[in-house]
């Protein structure tokens, strides 16, 4: 409760001083309605509606939120085809934003919004929302996909501390496997977890510039940098004593309960901040006590880097109420509301750390902000869906085959390149 | 208002009168069946965005895509195996249940799976075939039976830290030893909390003349030194140790509660110390049912479970319509029960069997939910079928509804002959 009070106080303060920052103007938008389509359902929907309520209280404009879940691309696409797009949508695929912008369905953001985006975020985020030199949107909610979650109990058993480098991770893993526990549980039945593994290693071994090039397929998947990343991965994946058995039949939620449930079969699981909510709902472990996280370790002396995902706010109309809402979502004010409710990270560097409800979330958010321009968006979400987002095909399938046979680096690189060439060529 | 009753000379023969009655049905049919059908056909000649005519390119792409080819292959397996199996099992069960007292109750139970949605059944079978024996009932049974005949080892997964080579027979030491030596044998890969309670703290033995002595312990502790016996580390009792000379086991012993072992009289010459594999065999975990090689048979088996009730119901109805006197006549003429079944029942039932079979073929060609739910993502491409491929291509992220429509048209063409066959049959029966 106390946390919410702080958030509220901070919010009031922001509202009072808001005029200068160009965020808190109390426009009278009484009687106007704005429709927002977003992916959030359940608890997340409730939290987002709290955010929208603050906007309504401030401006008088009515906001209608339509949750679309995983089918959001289809829903938005259909609405556009039908000539009734929503005012604002929150889209998780930058590729889709670019597609809508190219088709002329999106409106570029207003100068005030652009200023807010520039002021509150690292440059890399602005770049992400720009298509053809125009800014169309900004990331409102983000996911930190560079976290290893570990069981405190398993680490204590060998006296291990969170490893800072990839080699440390491997030696810690070896020590853990000596206790008869597998070191890492990999959710290999889902292909997207494996692409996140690869992206984190690649961003560290090849650097952000190569990452950008590979994401655009300007360098082929047979490039030596890809080989290096796969070989690093194979150091871990190739040792059967380190990886929990049946990885290819393990769905992502199962890989989390393998570590934190009873009986546990592994000590660590790698994935984004949302692992915390799976731990809370499916196991008895307490996040922050039994379940902790350490950032994805540095590989071969690499700098701090974060692979992130996120939902980008874009507008399909440019009436006054829509613009005001975009301004509101781009300001730290809106993020602070949700941050206080939990389950939320923002790239917005002007959301104070204290707005986040607990130490784990604070640390996850800080990592994204601190990494600055070394943050990169999930590569598989930037790739054409046929390559980076289809079950049983493209990158997902190729990396699953790699997990099954980590020695076959050359074969996998060739298959990745063949599939990428086909998908990007279209 | 009074209804004007217009009595026709030949009721129902006037098209003028029929039209108003048929119109609602016609409009509905045109809007809900004909329009989508024609639209899909047209759509299949356009690209992903739907504004460029590409001719037959979608069809060419479809037939050259390895994923579609796997889907085709799987569909063929399904059509060949599944409907025949269900019709056969249905026939046998229908004939058998006809003779028992509680036939209706029995059939009701067998029909029950039909009442569950395919999606829910899929989730059930996903769990039934789960690899972990504590979740998947099939593997639980397999493991239970297996362990009855060959019990689990004492220290599954444990292994020597180094200096030992894994061979077929077990871990063999790389360096030879001889009488008078002492050996320290650190093991890893086993949870310290699972060490048996009678285990005592380990300590290296003193050398004894004429004897080969050693200690075998679990070299895992916080802050412990690798390869050295640390204060909290305990011996592993009951591990078999062998001394091998020239490929022959010359002595065999087991470790005590403090992990020590002794070979009293080895004679002269070098021996190799070996830890037999049966100490450490990993527990049998059953089969990977949901892996790439077994996935299609597994999904077919669940479909059989669901659809058998359907076959029984139809065949049982057909059975009750068979004239009893035909069966009686055959029996009076001295036919055995098998002959009656083979020569009288089946021929009389064949129209029903055919309808059931063809209906199942149509059903199988459209199979979607079971594959979607049961196959884990990593093997979905191995388990793929045409309907699933169509859905993935058209509505998966970045969907290409042109190529999807082409698949839909192909699927329609495959189902059409079976449909026509059924329609023609119904018509013939009516006339």
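Protein chains in written order, with our numbering: chain A, 209 to 634; chain B, 11 to 441.
Glycine residues also receive a C-beta, built at the ideal position from the N, C-alpha and C atoms.
Keep in mind the model is a prediction, meaning the values are calculated, not measured.
Checklist line | alpha helix (DSSP H) segment containing residue 371 of chain B, residue limits | finding: Where residue 371 of chain B is concerned, the enclosing alpha helix (DSSP H) stretches over 356 to 375.
Next item on the list: Report yes if the C-beta of residue 258 of chain A is less than 6 Å from at least one heavy atom of the ligand SAH; otherwise report no.
Entry: With respect to the ligand SAH, the structure offers nothing, as it holds no ligand at all.
Check: How should residue 440 of chain A be labelled, buried or exposed, when 16 other C-beta atoms within 10 angstroms of its C-beta is the threshold for buried?
Finding: It is buried - the Cβ of residue 440 of chain A has at least 16 other Cβ atoms within 10 Å.
Notebook entry, point to check: In terms of residue numbering, what span does the alpha helix (DSSP H) encompassing residue 594 of chain A cover?
Noted result: Here the alpha helix (DSSP H) through residue 594 of chain A covers 593 to 596.
Notebook entry, point to check: Exposed or buried, which one is residue 29 of chain B when buried takes at least 16 other CB atoms within 10 Å?
Noted result: Under this definition residue 29 of chain B is an exposed residue.
Note to self: Please classify residue 144 of chain B as buried or exposed, where buried requires at least 16 other C-beta atoms within 10 Å of its C-beta.
What the structure shows: Residue burial annotation: residue 144 of chain B is exposed, with fewer than 16 other C-beta atoms found within 10 angstroms of its C-beta.
Next item on the list: If I'm right that residue 114 of chain B touches residue 366 of chain B with Cβ under 8 Å, what's the distance once you round it to whole angstroms?
Entry: With 8 Å as the limit, residue 114 of chain B and residue 366 of chain B do not qualify as a contact, their Cβ atoms being about 19 Å apart.
Note to self: I believe residue 460 of chain A touches residue 356 of chain A by the beta-carbon criterion, under 8 Å. Please report the beta-carbon distance rounded to the nearest angstrom.
What the structure shows: Not a contact, Cβ separation roughly 15 Å.
Notebook entry, point to check: Would you say residue 386 of chain A faces chain B, with C-beta separation under 7 Å as the test?
Noted result: Yes - at least one Cβ of chain B is within 7 Å of the one on residue 386 of chain A.
Item checked: residue 577 of chain A, buried or exposed, once every other Cβ within 10 Å from all chains shown has been counted against 16 -> Residue 577 of chain A should be labelled buried.
Margin query: For residue 360 of chain B, count the other beta carbons within 10 Å of its own beta carbon; 16 or more makes it buried, fewer makes it exposed. Which is it?
Written below: Counting the other Cβ atoms within 10 Å of the Cβ of residue 360 of chain B gives fewer than 16, which makes it exposed.
Checklist line | Distance CB(residue 602 of chain A)-CB(residue 594 of chain A) smaller than 7 Å | finding: Cβ distance < 7 Å, so residue 602 of chain A and residue 594 of chain A count as in contact.
Next item on the list: Could you tell me whether the segment 318 to 333 of chain A touches the segment 529 to 541 of chain A, where touching means 3 or more Cβ pairs closer than 8 Å?
Entry: Yes, they touch.
Checklist line | Closest residue to residue 386 of chain A among B:235, B:207 and B:299 (Cα-Cα distance) | finding: Of B:235, B:207 and B:299, the residue nearest in Cα terms is B:235.
Check: Measuring CA to CA, which of A:340, A:480, A:399 and A:339 is closest to residue 694 of chain A?
Finding: Since the first residue of chain A shown is 209 and the last is 634, residue 694 of chain A is not available in this structure.
Checklist line | Where residue 394 of chain B meets chain A, residues with beta-carbon distance less than 9 Å | finding: From the beta-carbon of residue 394 of chain B, the residues of chain A found nearer than 9 Å are 600.
Checklist line | DSSP state of residue 268 of chain B mapped onto helix, strand, coil | finding: Collapsing the DSSP output to three states places residue 268 of chain B in coil.
Note to self: List, in chain order, every chain B residue whose beta-carbon is nearer than 8 Å to that of residue 494 of chain A.
What the structure shows: For a Cβ distance threshold of 8 Å, nothing in chain B lies close to residue 494 of chain A: the least Cβ distance comes to about 21 Å.
Item checked: is_contact[residue 232 of chain B, chain A] using C-beta, thresh 7 Å -> The Cβ of residue 232 of chain B sits closer than 7 Å to at least one Cβ of chain A.
Note to self: List, in chain order, every chain A residue whose beta-carbon is nearer than 8 Å to that of residue 300 of chain B.
What the structure shows: Neighbours of residue 300 of chain B on chain A, chain order: 457.
Checklist line | C-alpha distance - residue 567 of chain A paired with residue 249 of chain B, whole-angstrom precision | finding: Distance between the alpha carbons of residue 567 of chain A and residue 249 of chain B is about 47 Å.
Notebook entry, point to check: In chain A, what lies closer than 8 Å to residue 200 of chain B by C-beta?
Noted result: By Cβ distance, chain A contributes 387 and 388.
Check: At least one CB of chain B closer than 7 Å to the CB of residue 420 of chain A: is that the case?
Finding: So, not an interface residue.
Check: Taking just the CA atoms, how far does residue 422 of chain A sit from residue 231 of chain A?
Finding: For residue 231 of chain A, the pLDDT reaches just 43, beneath the cut-off of 50, and the residue's location in the model is therefore unreliable, leaving the point undetermined.
Check: What number of angstroms, rounded off, separates the C-alpha of residue 373 of chain A from the C-alpha of residue 310 of chain B?
Finding: As the crow flies, the alpha-carbon of residue 373 of chain A is around 47 Å from that of residue 310 of chain B.
Next item on the list: Determine the chain B residues that contact residue 398 of chain A at a beta-carbon separation under 9 Å, and present them in chain order.
Entry: Taking a Cβ-Cβ threshold of 9 Å, the residues of chain B close to residue 398 of chain A are 386, 387 and 388, in chain order.
Next item on the list: Tell me, please, whether the CB atom of residue 6 of chain B is closer than 7 Å to any CB atom in chain A?
Entry: Limits of chain B in this structure are 11 at one end and 441 at the other, which puts residue 6 of chain B out of reach.
Next item on the list: Let me know the alpha helix (DSSP H) ranges lying completely inside the segment 107 to 169 of chain B, each 4 residues or longer, listed in chain order.
Entry: Fully enclosed alpha helix (DSSP H) runs of 4 or longer: 113 to 121, 128 to 138 and 147 to 159.
Check: Looking at the structure shown, is residue 170 of chain A part of a helix, part of a strand, or coil, going by DSSP?
Finding: There is no way to answer for residue 170 of chain A, as the model of chain A reaches only from 209 to 634.
Note to self: Give me the residue from B:292, B:298, B:328 and B:344 with the minimum Cα distance to residue 157 of chain B.
What the structure shows: Of the candidates B:292, B:298, B:328 and B:344, B:292 places its Cα closest to the Cα of residue 157 of chain B.
Check: Can residue 152 of chain B and residue 344 of chain B be called in contact, C-beta distance under 7 Å?
Finding: No, they are not a contact pair.
Next item on the list: Indicate whether residue 174 of chain B and residue 290 of chain B have their beta-carbon atoms separated by less than 7 Å.
Entry: Note that the C-beta distance between residue 174 of chain B and residue 290 of chain B is not below 7 Å.
Notebook entry, point to check: If we count Cβ pairs, one from each stretch, closer than 8 Å, do we get three or more for the segment 475 to 489 of chain A versus the segment 392 to 407 of chain A?
Noted result: Contact check between the segment 475 to 489 of chain A and the segment 392 to 407 of chain A: three or more CB pairs, one atom from each, fall below 8 Å, which counts as touching.
Note to self: Give me the subset of the segment 137 to 151 of chain B whose CB atoms are less than 7 Å from a CB atom of chain A, sorted by chain position.
What the structure shows: Under the 7 Å Cβ criterion, the segment 137 to 151 of chain B contributes 141.
Notebook entry, point to check: Could you give the distance in angstroms between the alpha-carbon of residue 367 of chain A and the alpha-carbon of residue 230 of chain B?
Noted result: Answer to the nearest angstrom: the Cα atoms are 11 Å apart.
Next item on the list: Within 10 angstroms of the Cβ of residue 371 of chain B, are there 16 or more other Cβ atoms? Answer buried if so, exposed if not.
Entry: Burial check for residue 371 of chain B: the Cβ neighbour count within 10 Å reaches 16 or more, so the residue is buried.
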